[in-house]
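Working notes, beginning with the structure itself.
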């Protein structure tokens, strides 16, 4: 067992000026101290008498504290752990107060050995430590080198083909420097105008140096703005602390920033500086930190300790590079220009001559019958060799227009026979000598012969086609015909043409000795065989024909003969319909008799002659008269009493209503001559509804608000009218003749305000009576006011809102409604929906006056629905729950069992579960959330009852309180884990629901719990 020792604190006493000390007493006192401090000294000083008791008291007063401190220090040194704790408590303050040089010399060997052993043991640790420091520096150095390389490359490429580029290339050759160095020397012109040294932590300006003739605003303001920009970029883009904005460009001005441990150096540069300037600025910043490191770290706005900084910054301001303005070397450039012009001229002439020669060679290559095997240019001379067809163009003639000197051209051509189609065509034309009737041509790389030729020439052409070289064009002579064969084909075509002509029958035809013979039968009305020779290319002089005349039975020839013999009038048209001759139109009886006789005389086997469509005009007139009489009989208001025909005249008499249609106008379209019609009509008043309607309209003059119409043979008046007009209409209805149509004016409303208000009120009452859930018991109208009372279901429509659109003044309506519960299925469904709150998987509907519940639901909800059905059955309402089935979701059941199997246990007397219950609470919260989400998807509302329990220790009231508190605690912990509070219900069961009997310590701990029960609605 170790004892704690207070830190050593040595008492500091002021020196005493009292020199009169009893030395003997002091010696005795020291001996006593030695005896008390070290037991070894007690034996050594046994012979020395003890001090005076008063001296002992004085000793305790003077050095009692020192003796106890010395004893405690001795104990402290004997215990290593206490000594280490004591040294650790004072070591940091001692190291802080010690001089830096001495502390460094003391710690350096130990630290070096520790670092060396650490690196040897795990080099990766040092790498991880140095990585964040060296990587940004390496990356920045590499980036600057890359920028420097690209800058040099860009400037070199930009000036490589310019006048300055030529001048600088000459300077590079003259001075021995590289071309890129010369380009950068002249193109990168710049001047450092301002240099700011800014404290990195506070953003205060340490020093500012300006070049000559450079202007700027307040340096302190510029320094603050630069620091603000740095902070803005870091905060906006979450940049690391050690990074910073290193370049800002605005027009010709560039701001280069170099960041150091305690200060930032910002250079304002005008122009295009080289990348090497970064190194110069960085060296200046390093020198300033080396010389003034402590002053920079402790800078608080006082620059008195940093006077020499401006000298260092002045070296940056002096950095610049101006463009040299040396005189232009006109003489050298003139000589160079002359040489270049001469060389360019020579190169141009050589190139032009070569281009002309290549154009000539290309021209030869496109010529048919010429193959260029070799061509070259040597010593200003042109040489060409190859193959040439004797029929091709002369290569020498192709030189014209190419501007190539013929004297410089040396050619060597070997003759050959080209297989090009045009050359083969020329050779065939020369060898075959085709007659004028044959034409040779090239079609799709084939040589085609067309026309007429003798058989001997055709044989020669076939032999020539077979002798053509393989790989050459084909020689097609299939289109060359012998004239005799062509004549035979034309004759057969002529005979076939005659065979298709109606009225011509070819009995015999033959060819003999170049002559053509034909014989047969021909109807005189048929086409002339001689005229059919046109287009057949046959010589009429070589044709000998013999035709016998006969009468053809073809319909067209029979038609011609009938037309010639019968001479039909213009009103009759003869035509051929389906191989029959049909006559149509009007004709006299005499012509019709002649036509019938001609039809009987037609030869058997010939076409039939149909004259059934030819009519006698008198018969047609009689038919038209009958149609006219029938038309009159169907007209309302016209009664035909008598009609007859006599001596070509028509007579008619009867009754006619003056409002009926004019009989004379009905004659149009009947083809009856009005001059032959004699009529005698007596006027009467028809009882047809349309005539009665016209008379009522003329006598009553109904207003525009009243419309008269015929409905089911009744005359109906609808609309609004004054009571005077209504009285006149009623009188007219009574005066109508018996047997006439009825005049109904019941739909005409009186336009007086009282009558209109009464109608509106009756409409409102009818509207109320049609509303479900409203029963009108009594309604009256009295003294300009309306009174109504009855029963109304609270879920029914509001009677007051039904007044809108009825034009009834609500102020004149006095209503008294008694509430009741309607047994209308729609209202019952609404009440059931509100009371039972069915899940989404259950649907309530009305089927033939019954309320049917269909779907799946939890067992508890089904029991509630069955209880509601029993209560409604007493009122005569059928609630059918037979189609309900208990909801069965395996996943929900699994989760439900897992949740209900979970208990949260507590220590005795505690309302907060121990830390070992945290995983159980986490798992339970996830399960509850998953169960609630799955239940919502299934249309079910889940509730979780948290029941707190306690053991039998203590009073019952205290146990009930602690059980309820445990349930509330679990609800709070589940709520903290994301469980919605409305899902959780709590209750305290106290000791009344133990899970095991409390006959042991284990039973008590098991009963101290919170159980979970899942309820589904």
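Residue numbers (the numbering used here): 19 to 1035.
Beta carbons: idealized from backbone N, C-alpha and C, even for Gly.
These numbers were taken from a predicted model, which means no experiment stands behind them.
Beta-bridge partners of residue 530, as assigned by DSSP: 533
Own chain, CB closer than 6 Å to residue 483, minus 5 neighbours either side, in chain order: 493
Presumed contact (8 Å Cβ cut-off) between residue 736 and residue 752, rounded CB distance: Not a contact, Cβ separation roughly 20 Å.
Exposure label - residue 248; buried when at least 16 CB within 10 Å: buried
Run of the beta strand (DSSP E) containing residue 401, from where it starts to where it stops: 399-406
Cutoff 8 Å; reference residue 22; Cβ partners in own chain excluding five residues on either side: Note that residue 22 has pLDDT 39, beneath the 50 cutoff, so the model's placement of it is unreliable and the number below is only indicative. Correct list, in chain order: 100.
C-beta contact flag for residue 899 and residue 871 at 8 Å: Yes, they are a contact pair.
Residues that residue 565 bridges to, as DSSP identifies them: Answer is 538, bridged to residue 565.
Validate contact between the segment 404-422 and the segment 449-460 using beta carbons, cut 8 Å, 3 pairs: no
Whole-angstrom distance between residue 940 and residue 947, CA atom to CA atom: 11 Å
Integer Cβ distance of residue 1008 from residue 968, believed to fall under 8 Å: With a contact defined as Cβ atoms closer than 8 Å, residue 1008 and residue 968 qualify at about 6 Å.
Terminal residues of the alpha helix (DSSP H) in which residue 325 lies: Neither: residue 325 is in no alpha helix (DSSP H) and is coded neither H nor E.
Nearest-angstrom beta carbon gap, residue 907 and residue 949 [assumed within contact, 8 Å]: Not really, about 10 Å apart at Cβ, beyond 8 Å.
Exposed unless 16 or more other CB atoms sit within 10 angstroms - verdict on residue 1015: exposed
Span of the alpha helix (DSSP H), counted from its first residue to its last, around residue 638: 635-652
Run of the alpha helix (DSSP H) containing residue 433, from where it starts to where it stops: Looking at the DSSP string, residue 433 is not in any alpha helix (DSSP H); the run it does join, the beta strand (DSSP E), is 427-433.
Rounded straight-line distance, which links the Cα of residue 683 to that of residue 760: Rounded to whole angstroms, residue 760 to residue 683 spans 31 Å at the Cα level.
Option in 310, 386, 883, 437 with minimal Cα separation from residue 412: Residue 412 has its Cα closest to that of 386, out of 310, 386, 883, 437.
Cross-strand partners of residue 468 (DSSP beta bridge): For residue 468, the beta-bridge partners assigned by DSSP are 457, 497.
Delimiting residues of the alpha helix (DSSP H) encompassing residue 946: 936-955
Sub-8 Å separation of residue 658 and residue 670 beta-carbons: yes
Residue 657 - containing beta strand (DSSP E), residue span: Bounds of the beta strand (DSSP E) holding residue 657 are 656-664.
Local conformation of residue 1034 per DSSP, three classes: For residue 1034, the secondary structure class from DSSP, reduced to helix, strand or coil, is strand.
Option nearest residue 990 by Cα separation, candidates 931, 1033, 589: Considering only alpha carbons, the answer is 931.
Length of the line joining the Cα atoms of residue 296 and residue 274: 8 Å
Residue range of the alpha helix (DSSP H) that includes residue 971: Under the DSSP assignment, residue 971 falls outside any alpha helix (DSSP H); it carries neither an H nor an E label.
CA nearest to the CA of residue 702, picked from 676, 495, 245: 676
Outcome for residue 925 when other beta-carbon atoms lying within 10 angstroms are tallied against a minimum of 16: exposed
DSSP-derived helix/strand/coil call for residue 319: coil
C-beta atoms of residue 655 and residue 709 nearer than 8 Å: Less than 8 Å divides the Cβ of residue 655 from the Cβ of residue 709.
For residue 781, the three-state DSSP class (helix, strand or coil): Correct three-state label for residue 781: helix.
Coarse secondary structure for residue 33, derived from DSSP in three states: With a pLDDT of 42 at residue 33, under the threshold of 50, the modelled position of this residue cannot be trusted, and the question is left open.
Beta carbon of residue 283 nearer than 8 Å to that of residue 213: yes
Euclidean distance between Cα positions of residue 250 and residue 281: 18 Å
Under the three-state DSSP convention, the category residue 373 falls into: Residue state for residue 373 is assigned as helix, using DSSP reduced to three classes.
Touch test, the segment 321-340 against the segment 361-374, Cβ-Cβ under 8 Å, three pairs minimum: They do not touch, by the three-pair rule.
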